[in-house]
Amino acid sequence: MSLFWRVFLLNAVVLVAATVALLLGPVTVSTPALLTEAVVLAAGLVVLLVANALVLRVGLAPLARLARTMNTIDLLRPGPRLAFAGHGEITALIAAFNDMLDRLEAERAASTGRALSAQEAERRRISQELHDEVGQTLTAVLLELKGLADRAPEPLRGELHEVQETTRNSLDEIRRIARRLRPGVLEELGLTKALRALATEFTGPSLTVRHRIEPDLPPLTHETELVLYRVAQESLTNTARHAHARRAEIHLRRLPVAVELLVRDDGRGIQQTSEGAGIRGMRERTLLVNANLDLRPAPSGGTEVRLTVPVPERNTPA
Numbered sequence: 001m002s003l004f005w006r007v008f009l010l011n012a013v014v015l016v017a018a019t020v021a022l023l024l025g026p027v028t029v030s031t032p033a034l035l036t037e038a039v040v041l042a043a044g045l046v047v048l049l050v051a052n053a054l055v056l057r058v059g060l061a062p063l064a065r066l067a068r069t070m071n072t073i074d075l076l077r078p079g080p081r082l083a084f085a086g087h088g089e090i091t092a093l094i095a096a097f098n099d100m101l102d103r104l105e106a107e108r109a110a111s112t113g114r115a116l117s118a119q120e121a122e123r124r125r126i127s128q129e130l131h132d133e134v135g136q137t138l139t140a141v142l143l144e145l146k147g148l149a150d151r152a153p154e155p156l157r158g159e160l161h162e163v164q165e166t167t168r169n170s171l172d173e174i175r176r177i178a179r180r181l182r183p184g185v186l187e188e189l190g191l192t193k194a195l196r197a198l199a200t201e202f203t204g205p206s207l208t209v210r211h212r213i214e215p216d217l218p219p220l221t222h223e224t225e226l227v228l229y230r231v232a233q234e235s236l237t238n239t240a241r242h243a244h245a246r247r248a249e250i251h252l253r254r255l256p257v258a259v260e261l262l263v264r265d266d267g268r269g270i271q272q273t274s275e276g277a278g279i280r281g282m283r284e285r286t287l288l289v290n291a292n293l294d295l296r297p298a299p300s301g302g303t304e305v306r307l308t309v310p311v312p313e314r315n316t317p318a
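Using full-length UniProt numbering, read the sequence shown as starting at 1 and increasing by one per residue.
What follows is the structure, given as structure tokens:
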């Protein structure tokens, strides 16, 4: 039954019931109306309006739920679809809205995949240029400085050694940036050693990063390994820059039908602000592998980032 006929028939039932009650009841209306008659008519009108409001609320409740979902939907956080049953315009509208969400999420994941693939290719190119061009240039400068320092008189030799040390630090920084842009250890040695190297890289005087990685992980695609690595890298970057934490830890474990990455720190926790580009970038990456990303306060303070990536079950031989 269409929405028009449902509302019309429900209102008709209310009006017919009011008319029958007026015709068959003992109450009559005088001319002019008496006070008691006006009170009875006013009470009947209130009852009629309340019944009509309840009927409309029941009939239009699915539209209210649909409007709330439209206002709160986030394509970076896929959620359950609106439930519907039966037939009619509202049911058809909810079904069309659910189909539209499916298409939008699929298109968003596809476009995000293309953008991130282009981003990774650009990172590889920049990393290669930093390593080959800038790195080799700084290495040549170091050799020249060493030769000059060896031939320079004593007052100038100390200054040249300082310049040489600054250049060496710059070369180390360039190499570290190149490694972050292109995780060669991930491509060459796999996810486990890449995460261990990541924990070592972020460990310093002000932050200690521990890792616990289970050995019996299921086979993962290169795309899944890259998503896990980038989420761990972005989480540790946020910890080092913003959390003021002393300790952090990386856990990677196997679940019955998934792989779970957990990055936790003891910093100041999640602030009541909108998500930045880094977190939104992590959410976009999780869409590529149909994963679930959850950010919440850690049990002992700080922040906890939990990424759950579904993996297909391995068929066991009969």
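Just so you know, even glycine gets a beta-carbon here, dropped at the ideal spot from N, CA and C.
Taking L226 as reference, the option from R57, M282 and L56 with the minimal CA-CA separation is M282. Using a Cβ distance threshold of 8 Å, I174 and G135 count as a contacting pair. Boundaries of the beta strand (DSSP E) around A258: A258 to D265.
It is roughly 31 Å from the alpha-carbon of L160 to the alpha-carbon of F202. DSSP places T167 within a helical segment (H, G or I) once states are collapsed to three.
With 16 or more other Cβ atoms inside 10 Å of its own Cβ, D265 counts as buried. Secondary structure of P155 (DSSP, three-state): helix. The secondary-structure analysis by DSSP pairs I174 with nothing; it has no beta-bridge partner.
The beta carbon of N238 sits closer than 7 Å to the beta carbons of G278 from its chain, once the five residues preceding and following it are set aside; these are given in chain order.
Rounded to whole angstroms, the Cβ separation of A258 and P310 is 5 Å, and the two are in contact under 8 Å. By the Cβ neighbour-count rule, G302 is buried, with 16 or more other Cβ atoms within 10 Å of its own. Beta-carbon to beta-carbon, R81 and L54 are separated by about 28 Å, too far to satisfy the 8 Å threshold. Boundaries of the alpha helix (DSSP H) around L287: A277 to L288.
Looking only at V289, E234 and E188, the smallest Cα-Cα distance to A199 is reached by E234. In the three-state reduction of the DSSP assignment, A245 falls in the coil class. Within the same chain, S235, V263 and L295 come within 6 Å of V305 by CB-CB distance, once the 5 residues on both sides are set aside.
Just so you know, the alpha carbons of E144 and L287 end up roughly 50 Å apart.
Its chain contains L145 as the residues whose beta carbon lies nearer than 7 Å to that of V163, once the 5 sequence neighbours on both sides are disregarded; these appear in chain order. Minimum Cα-Cα distance from L45 among the listed residues L35, L15, L60 and P312 corresponds to L15. Per DSSP, reduced to three states, the secondary structure at L93 is helical.
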